[in-house]
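Colleague: Okay, handing you the structure first.
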Amino acid sequence: MSKSNKNQKSITSFFKNPAQSATNEPATSKSKPALIPEIKKEPGISKLPPPPPPEPVVKPVVSPKKPAVIMCPTIAKIPNHETEWINLSDRFILTNRNFDVQYAHLYAERLGAMRKMVAKAAENHLGLLIQMLLTRAARPDRLIVAAKLFVESVFGSEFVQRADALLNLEQITTEEIHGLTPILLCSVPGHDASNRVEELATSLNKNLTAIAIGSAEGFSLAEQAINAAAKQGNWVLLKNVHLAPQWLKELEKKLHSLKPHDSFRLFLSTEIHPKLPTSLLRMGFCLVFEPATGVRARLTRTLNEFSENRMERIPHIRAKAYFRLAWLHALVTERSRYTPLGWSKHYEINESDLRFACDSIDQWIRNEGQDDIAWDALQYLIASCIYGGRLDNRFDQRLLASFVAKLFCQESLDASYPLIKDDASSLLVPMPQDKTKNKYIEWIKQLPSNEKPTWLGLPDNAEKVLLISQGSKFTGDLLKCDQSDENILVVDFDAGDQKDESIGRPAWMIHVQHTTDNWLKSLPKTLPSMTRTSENIKDPLFRCVEREVTFAANLLRLVRQDLVDVQAVCDGSKKQTNDTRELLNNLSKGMTPPTWKKYRVPPHIGAMQWMSDYVARLKQLENLVTLTINEGVQSLRCVKMWLGGLFTPEAYLTATRQCAAQSLHVSLEELNMNVQMLDQSSQADSNKETVFLITGLKLQGASCRNNALFYSSLIMDDIPLLAIEWKMPNSAISAPKTNDQQEVTLPVYGNGLRTELLCTINVKAGQANTSEFHFYERGVAVLASVLE
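Numbering (this note's numbering), first residue to last: 54 to 841.
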């Protein structure tokens, strides 16, 4: 048996029988966890132990005197066992004093350093699986690297290397498949791989019929083309089939009944979409295409879209303008990788926008000379119509306009004009002023290979934010792949007092029952109601809080009833219904049931994270109701409100504005918001009827000191207290600032996804001679909640 097969069998054995793996090795040392399998390392070889001999029946052995410990049955159950894994991490750190030192050292290193860490973990009797789980808890930005090492240890290094090998589409098409196997060209949004098929058909002299799917006549044309090509042995390419997922099911049935020519081939280009039929994916040969990442790769690919004849036509300013456009296109598309830090959302900007911009440049460039170039017209067309027409967030449009203004201007023709400026590494790359396409390609090859996010205007820690986001997506995908019928044994905390209640029930059901029991204990049974009087109803803050309490109470009844029903199904006292079956399916995978998402939350939020956030929201509302009962409705004006903990935070901001308007006897339109960022030790004048205090805010991309913005290496910085005051424009008293200080307008979003814009605030820049656009490029924003 090969090494990879042995490792795979060992991992499978560990998943199927964790209890047996744990009990085969007695815990003789106090520093060794009792339920962690001991990994013996041979000299020069890092692998898991051989599987233990199978036993017909495996039952958990629980001592009635000692509390049992829950063992996480699968990787997908990690979010639901957060407490257990934290305890495991603590025990690991206690027995490995240099743990955090090693992880701090890993911050600046890559795969090689992680390999050393894995070797350390193996010496401490921890397998790669445990190492990956600990990495997720301690350094989520390194989860993808740890997962790659785990896969490599199980399937071998050749399995990972195959993913990096060059794709031979000709060999796959002519030798590895037959006519009844469709070839699916899957790509990310904004990237189309259908041109590879067209180039292959031209080189092999094959008749190719390409049809775009999406219109009503496209379906009939596709069926006719498939029937004709199947008889003649030609090729058919159907583009954008993800736009018609229902029609793909009919296409699959047609392929099963088809008797094609041996030379017939069917290609389907599609975006990676969740509604693609899984049966078609299993039937076909799937190829996944991803665009090259990095400024250098994108810039080279963009320049290759320009022909030499077109780029080098006179006047020579044309080549310079084309290069600036290529740089802008690479910058815009590369920042999409860092969403929501680079852009607030992902925009499908592709080669069609690039070609349209080229046509605009040709239209406005004249032969008289560079002084006659209509830079203002180019800036408006590119920033507002071509690329800007894709953007629907005004802060993204403002950012794009700043990039266009810096690249397409008369000053950019100066040889010393900076294209890349990195103050941290003292890197300064001037704008190239060449006249030919080959010269620009040679210039690109001379760029530093270690690209940094600062080339895009982002902070240095943007790469870490991206890795954390990818790790979260990776964990979410694992949750979706989890199967509810897994029968891996689980030992419950209270199993010592039970007899045979768990016999006959799968492990996931025991886990769900334990989780729902903890949730019912953490949730209040009811919420106290607000006392409505003829005087209280006149106060805007009272009406706002009353709506929040009513909404929370209704949702609380729904959630508690669902949890009670789930518990009844788990203990066998109630039969399953369609609703409870759906609840069990979601909760067993750690996913939030859709019926609970009555307010705006991130779409992929886990059930554990949603519940902890919901309990905190209920706690704030309980305190507000108690405060109103004890001290009256006027006390709501002095409370420090957690804005992200409200179900409709924009309604609270409107209520504060209404309160200020009532106090000043003016209309709402006459009031402007003025803010002041305070420290914990600072005191705001909360006695004013127009001042309101907000807490729990986060500042992303910068830090705040003395009510001013500064560059920061932190991903998030706390805003301990934000005082907002509604004033008349003529009476607004702003903080004194020098002539060198700029005022920065920051967006305030509801959560980390930046999909819900609450308001905007104006804060001064703390450093002198600092442009406000530097903060815009870094994606600085205020978040009311860090949920993602």
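From the three backbone atoms N, C-alpha and C, an ideal C-beta is built for every residue, glycine too.
Quantities reported herein were computed from a predicted structural model and do not represent experimental measurements.
1. Ends of the beta strand (DSSP E) at Thr-262?
2. Ordered along the chain, which non-local residues of its own chain (more than five positions away) have a Cβ less than 7 Å from that of Leu-767?
3. Would you call the stretch 187–200 and the stretch 516–534 touching, i.e. three or more CB-CB distances under 8 Å?
4. State the Cα-Cα distance for the pair Asp-412 and Lys-373, rounded to the nearest angstrom.
5. By DSSP, does Val-839 sit in helix, in strand, or in coil?
6. Secondary structure at Thr-355, three-state DSSP: helix, strand or coil?
7. In the DSSP assignment, find the beta strand (DSSP E) that holds Ile-747 and state where it starts and stops.
8. Along the chain, where does the alpha helix (DSSP H) containing Gln-285 start, and where does it finish?
9. Using only the alpha-carbon positions, how far apart do Ala-454 and Ala-383 sit?
10. Does the pairing of the stretch 692–710 with the stretch 582–591 give three or more beta-carbon distances under 8 Å?
11. Tell me whether Leu-481 is buried or exposed, calling it buried when 16 or more other Cβ atoms sit within 10 Å of its Cβ.
12. Please state whether the Cβ-Cβ distance between Leu-580 and Ala-606 is less than 8 Å.
13. What three-state label does DSSP hand Thr-127 in the structure shown?
14. Using alpha carbons as the reference points, say which of Leu-677, Asp-570, Met-364 lies closest to Arg-600.
15. Quick one: Cα of Arg-335 to Cα of Ile-230, how far?
16. Taking the alpha-carbon positions, what's the Asp-654 to Leu-840 distance?
17. Under three-state DSSP, which class holds Lys-817?
18. Among residues of its own chain, excluding the 5 on either side of Phe-409, which ones have a beta-carbon nearer than 8 Å to its beta-carbon?
19. With DSSP run on the structure shown, which of helix, strand or coil describes Gly-549?
20. CA-CA distance, His-667 and Ile-266?
21. Might you give, ordered along the chain, the residues of its own chain that have their beta carbon closer than 7 Å to the beta carbon of Pro-593, omitting 5 neighbours on each side?
22. Would the beta-carbon of Phe-604 fall within 8 Å of that of Leu-689?
23. By the three-class DSSP mapping on this structure, what secondary structure does Met-336 have?
24. Considering only C-alpha positions, which residue in the set Ala-282, Leu-238, Ala-281, Trp-300 is nearest to Ser-268?
25. Leaving out five residues before and five after Gly-337 in sequence, what residues of the same chain have Cβ atoms less than 8 Å from its Cβ?
26. Out of Asp-624, Trp-649, Thr-633, which has the shortest C-alpha to C-alpha gap to Pro-559?
27. How many angstroms separate the CA atom of Leu-806 from the CA atom of Phe-317?
28. What whole-angstrom Cβ distance do Leu-799 and Thr-813 have, given they're in contact under 8 Å?
29. Hey, could you find the ends of the beta strand (DSSP E) Tyr-829 is sitting in?
30. Whose C-alpha, out of Arg-613, Asp-487, Leu-296, is nearest the C-alpha of Pro-327?
31. Taking three-plus beta-carbon pairs below 8 Å as touching, is the stretch 459–472 in contact with the stretch 424–435?
32. Excluding the 5 residues flanking Asn-760 on each side, which residues of the same chain have their C-beta closer than 8 Å to its C-beta?
33. Taking the alpha carbon of Leu-500 as the reference point, which residue from Leu-291, Arg-349, Val-204, His-718 has its own alpha carbon closest?
34. Leu-509 and Gly-395 look like a contact to me (Cβ under 8 Å); what is the Cβ gap, rounded to whole Å?
35. By DSSP's criteria, Asn-725 is part of a beta bridge. Which residues make up the other side?
36. For a quick check, are the C-beta atoms of Leu-319 and Val-341 less than 8 Å apart?
Modeller: According to the structure shown:
1. Taking the sequence shown and counting its residues from 1, the one referred to as residue 262 is at position 209. Start and end: 261–265.
2. Looking up residue 767 in the sequence shown gives position 714. Around Leu-767: Ser-756.
3. yes
4. Taking the sequence shown and counting its residues from 1, one reaches residue 412 at position 359. Taking the sequence shown and counting its residues from 1, one reaches residue 373 at position 320. About 15 Å.
5. Start at 1 with the first residue of the sequence shown, and residue 839 comes out as number 786. Note: Val-839 maps to coil in three-state DSSP.
6. Counted from its first residue, the sequence shown places residue 355 at position 302. Helix at Thr-355.
7. One-based indexing of the sequence shown puts residue 747 at position 694. Unbroken beta strand (DSSP E) run through Ile-747: 744–748.
8. Here residue 285 refers to the residue found at position 232 of the sequence shown. Residues 269–285.
9. As a first step, residue 454 is located in the sequence shown; it is residue number 401 there, counting from the start. As a first step, residue 383 is located in the sequence shown; it is residue number 330 there, counting from the start. Spanning the two alpha carbons is a distance of roughly 15 Å.
10. no
11. Within the sequence shown, numbered from 1, the residue matching residue 481 stands at position 428. Under this definition Leu-481 is an exposed residue.
12. Sequence index remark: in the sequence shown, residue 580 carries index 527 (1-based). Sequence index remark: in the sequence shown, residue 606 carries index 553 (1-based). Against a cut-off of 8 Å, the Cβ pair of Ala-606 and Leu-580 comes out as a contact.
13. Counting from 1 along the sequence shown, the entry for residue 127 is found at position 74. Note on Thr-127: pLDDT 42, under 50, position unreliable in the model; the coordinate value appears next. Looking at Thr-127 - three-state DSSP - the assignment turns out to be coil, as it is neither helix nor strand.
14. Indexing the sequence shown from 1 puts residue 600 at position 547. Closest option to Arg-600, Cα to Cα, is Leu-677.
15. Here residue 335 is taken as the residue at index 282 of the sequence shown, counted from 1. Here residue 230 is taken as the residue at index 177 of the sequence shown, counted from 1. One C-alpha to the other measures close to 14 Å.
16. Taking the first residue of the sequence shown as 1, we reach residue 654 at position 601. Taking the first residue of the sequence shown as 1, we reach residue 840 at position 787. It should be noted that the sequence gives Val, not Asp, for residue 654. Distance between the alpha carbons of Val-654 and Leu-840 is about 8 Å.
17. What you label residue 817 is simply residue 764 of the sequence shown in a count that begins at 1. The answer is strand: DSSP assigns Lys-817 an E or B state.
18. Sequence index remark: in the sequence shown, residue 409 carries index 356 (1-based). Here the set comprises Ile-439.
19. For this step, residue 549 is matched to residue 496 along the sequence shown. Note that Gly-549 scores a pLDDT of 47, beneath 50, so its modelled location is shaky; the value from the coordinates is reported in the next line. Gly-549: helix per DSSP, three-state reduction.
20. Here residue 667 refers to the residue found at position 614 when the sequence shown is read from its first residue. Here residue 266 refers to the residue found at position 213 when the sequence shown is read from its first residue. In the sequence on display, residue 667 carries Tyr and not His. When rounded, the distance between both Cα atoms is 43 Å.
21. Position 540 of the sequence shown, counting from 1, holds the residue named residue 593. The residues are Ala-708, Gln-711, Cys-712.
22. By 1-based counting over the sequence shown, the position of residue 604 is 551. By 1-based counting over the sequence shown, the position of residue 689 is 636. No, the Cβ-Cβ distance between Phe-604 and Leu-689 is not below 8 Å.
23. Position 283 of the sequence shown, counting from 1, holds the residue named residue 336. Met-336 falls in the helix class under three-state DSSP.
24. Numbered from 1 along the sequence shown, position 215 holds the residue referred to as residue 268. Answer by Cα proximity: Trp-300.
25. Here the question's residue 337 lines up with position 284 in the sequence shown. Excluding sequence neighbours, Gly-337 sits near Thr-234, Pro-235, Ile-236, Leu-237, Leu-321.
26. Along the sequence shown, read from residue 1 onward, the residue named residue 559 stands at position 506. That would be Asp-624, whose Cα lies nearest to the Cα of Pro-559.
27. Walking along the sequence shown from the start, residue 806 turns up at place 753. Walking along the sequence shown from the start, residue 317 turns up at place 264. Cα to Cα, Leu-806 sits roughly 46 Å from Phe-317.
28. As a first step, residue 799 must be located in the sequence shown, where it is residue number 746. As a first step, residue 813 must be located in the sequence shown, where it is residue number 760. Their Cβ separation, rounded to whole angstroms, is 7 Å, which keeps Leu-799 and Thr-813 in contact under 8 Å.
29. Residue 829 sits at position 776 when you count from the first residue of the sequence shown. It is not in any beta strand (DSSP E) - Tyr-829 instead sits in the alpha helix (DSSP H) that spans 825–830.
30. Residue 327 sits at position 274 when you count from the first residue of the sequence shown. Looking at the Cα atoms, Leu-296 is the closest of the given residues.
31. yes
32. Residue 760 sits at position 707 when you count from the first residue of the sequence shown. Within the same chain, Asn-760 has close Cβ partners Gln-729, Met-730, Leu-731, Ala-788, Val-816, Lys-817.
33. Indexing the sequence shown from 1 puts residue 500 at position 447. Leu-500 has its Cα closest to that of Arg-349, out of Leu-291, Arg-349, Val-204, His-718.
34. What you label residue 509 is simply residue 456 of the sequence shown in a count that begins at 1. What you label residue 395 is simply residue 342 of the sequence shown in a count that begins at 1. Contact holds; Cβ gap of about 7 Å.
35. In the sequence shown, counting from the first residue as 1, residue 725 sits at position 672. In the DSSP output, where bridge partners are listed per residue, Asn-725 has Lys-780.
36. Locating residue 319 in the sequence shown gives position 266, counting from the first residue. Locating residue 341 in the sequence shown gives position 288, counting from the first residue. Not in contact: Leu-319 and Val-341 (Cβ atoms no closer than 8 Å).
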